[in-house]
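Undergrad: Be aware that the sequence shown starts at 0, since it is given in numbering that gives the first Met the number 0, and climbs by one per residue.
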Amino acid sequence: MPFEAPLPSPCTKVCKLDASGQFCLGCARTRDEIGAWSSLGRAQQAEVWRALPERARTWGVALAPLPPELKL
């Protein structure tokens, strides 16, 4: 199986959790996703990236653009 480089982090350098402490107001990832990001496989990272647009709309978060390979 060929090596696949990890995807870039969705981090926008606005690292602030919401009032409940459950998700980041900068990137819309959950605390667990932020903590695990570097240990997630590429497929898991892609799942997180794909979930972010809907979360951002729901939570009112501005996102970094999706990596080109994940554009739909």
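We put the beta carbon where it would ideally sit given N, CA and C, even for glycine.
Since the model is a prediction, treat every value here as computed from it, not as a measurement.
Buried or exposed for E32, please, with buried defined as at least 16 other CB atoms from any protein chain shown within 10 angstroms of its CB.
TA: Along the sequence shown, one-based indexing puts residue 32 at 33. So E32 counts as buried.
Undergrad: Label A27 either buried or exposed according to how many other C-beta atoms from any shown protein chain fall within 10 Å of its C-beta, with 16 as the threshold for buried.
TA: Walking along the sequence shown from the start, residue 27 turns up at place 28. Classification for A27: buried.
Undergrad: For T29 and P5, what's the separation of their Cα atoms in angstroms?
TA: Against the sequence shown, residue 29 aligns to sequence position 30. Against the sequence shown, residue 5 aligns to sequence position 6. Going by the C-alpha atoms only, they are around 19 Å apart.
Undergrad: Rounded to a whole number of angstroms, what is the C-alpha to C-alpha distance between F59 and P9?
TA: Along the sequence shown, read from residue 1 onward, the residue named residue 59 stands at position 60. Along the sequence shown, read from residue 1 onward, the residue named residue 9 stands at position 10. At residue 59 the sequence reads Gly, which differs from the Phe that was named. About 16 Å.
Undergrad: In the DSSP assignment, what residue or residues form a beta bridge with M16?
TA: Taking the sequence shown and counting its residues from 1, one reaches residue 16 at position 17. What sits at residue 16 in the sequence shown is Leu, not Met. For L16, which the question treats as bridged, DSSP gives the partners C23.
Undergrad: Closest to L51 by CA distance: which of L39, L24 and S38 is it?
TA: Walking along the sequence shown from the start, residue 51 turns up at place 52. Among L39, L24 and S38, the Cα nearest to that of L51 belongs to L24.
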